[in-house]
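Numbering (the working numbering), first residue to last: 39 to 512.
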């Protein structure tokens with residue numbers, strides 16, 4: 039059930055009607071039931087999985103809280119392993135077999151193996167659910183969250199459908215207290231919520247989906263691709279993936295705001311970042327903070343040893359790549375991001391007394407390097423990635439470019455080029471807080487007019503169909 043689909047519109051309208059009519063004390067149970075339906079709509083065979091994960095995490099958290107001090111760390115470790123096992127099984131079994139164990143066994147012992155060990159589909163959003171549960175368990179262990187343990191609120195915290203599939207990845211203190219206040223729907227929250235939803239739909243249906251076909255074409259090896267196709271994809275894919283994920287987040291924030299819940303923002307103009315480190319502070323913020331707080335800071339030496347901290351940056355970013363996908367391309371993509379961040383820290387330390395490079399040049403360099411590494415993110419394997427890079431940078435490809443070719447390609451792709459230019463012009467002002475502030479400044483009538491225009495634009499441009507959100511695969 040895509041946020042940008044008619045079935046979800048019917049679902050949310052029905053949910054909201056019952057929610058408003060329901061007594062406050064029963065709203066959390068209605069939320070849990072509706073969220074379970076929302077999750078099961080994709081594949082009813084897996085509707086049990088979130089409940090099993092939630093139940094096991096609840097039991098492990100209770101055990102941690104009641105264990106003797108000397109045993110608490112061991113119990114926490116067991117709880118973390120139990121939470122990770124389903125994720126490892128469903129998401130990484132084929133990767134471990136086909137990319138690690140199988141080839142190694144074939145090389146050492148001549149084993150014959152299939153590239154795919156498991157053939158069933160992956161449960162939707164299992165990475166996000168797992169990380170949400172780990173935050174709950176670890177925050178209770180460390181004392182960051184001290185409220186009485188309750189299965190009801192844990193169910194609501196994890197299953198809250200606006201963030202269930204693709205985040206934001208929430209901490210207990212960011213959502214549970216708001217759920218406990220009764221999920222009141224107030225008129226003053228409806229207009230900002232609708233505005234955020236509309237912005238998200240425009241990003242997804244007007245920008246991401248319209249650029250997706252050109253990106254896919256450049257990454258299809260059996261097509262007659264030209265240098266311009268690779269160049270267009272080089273700029274289009276960063277726009278596509280940002281508008282896809284941030285569009286989902288905007289819709290999630292808008293839905294939550296209508297229900298009286300304020301979720302944390304997940305993006306802060308990441309392509310305006312002047313460094314890789316700042317890029318990851320602005321991109322998918324809740325995920326970056328999760329890895330910082332639950333991985334990087336727990337690795338030995340992160341707080342006190344500069345050299346070990348650099349090493350841990352690379353380790354953390356490599357794990358971030360693994361989280362994004364079960365493929366060696368994601369592993370290398372994450373590691374390269376980590377190496378670049380470590381290199382930046384070394385350069386900053388060595389050059390701190392020299393005149394800094396102008397911010398605009400650093401922003402341009404960072405974006406183009408981010409876009410270059412995203413080729414690994416988008417490609418299904420190294421062969422595809424090398425093919426795209428070769429088509430983009432090889433002298434033979436560039437030598438075939440002519441003025442007529444560029445002129446014809448520019449005309450035939452004028453709409454896509456216009457979208458990319460428009461995106462970069464608007465990107466510095468892309469902020470959820472500005473959308474909410476604009477609603478107050480413009481007033482109800484003008485805001486509603488803009489919302490209707492945005493919805494009509496989204497439906498008109500996306501009339502030929504929309505695609506699944508990219509991060510649903512993660």
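Beta carbons: idealized from backbone N, C-alpha and C, even for Gly. None of these values were measured; they are calculated from a predicted model.
- Comparing alpha carbon positions, the residue from 188, 159, 131 and 452 closest to residue 96 is 188.
- Within the region 296–321, the runs of alpha helix (DSSP H) that reach at least 4 residues and sit entirely inside it are, in chain order, 314–320.
- Using a C-beta cut-off of 8 Å, the region 275–286 makes contact with the region 249–258, since at least three inter-stretch Cβ pairs fall below that distance.
- Exposed is the label assigned to residue 111, since fewer than 16 other Cβ atoms lie within 10 Å of its Cβ.
- At the C-beta level, residue 259 and residue 422 come within 8 Å of one another.
- Residue environment: residue 390 is assigned as exposed (fewer than 16 neighbouring CB atoms within 10 Å of its CB, all protein chains considered).
- Contact between residue 205 and residue 304 holds, since their C-beta atoms are separated by about 7 Å, short of 8 Å.
- For residue 231, the uninterrupted alpha helix (DSSP H) run begins and ends at 225–239, by DSSP.
- DSSP, reduced to helix, strand and coil, places residue 208 outside both helices and strands of the structure shown, so it counts as coil.
- Contact between the region 460–473 and the region 227–244 is established, with three or more Cβ pairs separated by less than 8 Å.
- In this structure, residue 50 places its C-beta atom within 8 Å of the C-beta atom of residue 293.
- Going by beta carbons, residue 105 and residue 113 fall inside the 8 Å limit.
- Taking C-beta separations shorter than 6 Å and ignoring five residues to either side along the sequence, the partners of residue 374 in its chain run 411, following chain order.
- According to the DSSP assignment, residue 247 belongs to the alpha helix (DSSP H) that extends over 247–256.
- If you ignore the 5 residues before and after residue 65, its C-beta comes within less than 7 Å of the C-beta of 57, 220 and 221, all in its own chain and listed in chain order.
- Taking residue 432 as the centre and dropping the five residues before and after it, the same chain places no C-beta closer than 7 Å to its C-beta.
- Where residue 428 is concerned, the enclosing alpha helix (DSSP H) starts and stops at 420–431.
- Taking 8 Å as the cut-off, the beta carbon of residue 286 is found closer than this to the beta carbon of residue 41.
- With at least 16 other beta carbons inside 10 angstroms of its own, residue 268 counts as buried.
- Inter-residue distance for residue 218 and residue 94 is about 22 Å (C-alpha atoms, whole angstroms).
- When only Cα atoms are considered, residue 116 and residue 100 end up about 13 Å apart.
- DSSP, read as helix, strand or coil, puts residue 119 in helix.
- When the Cα atoms are used, residue 89 and residue 409 turn out to be separated by approximately 38 Å.
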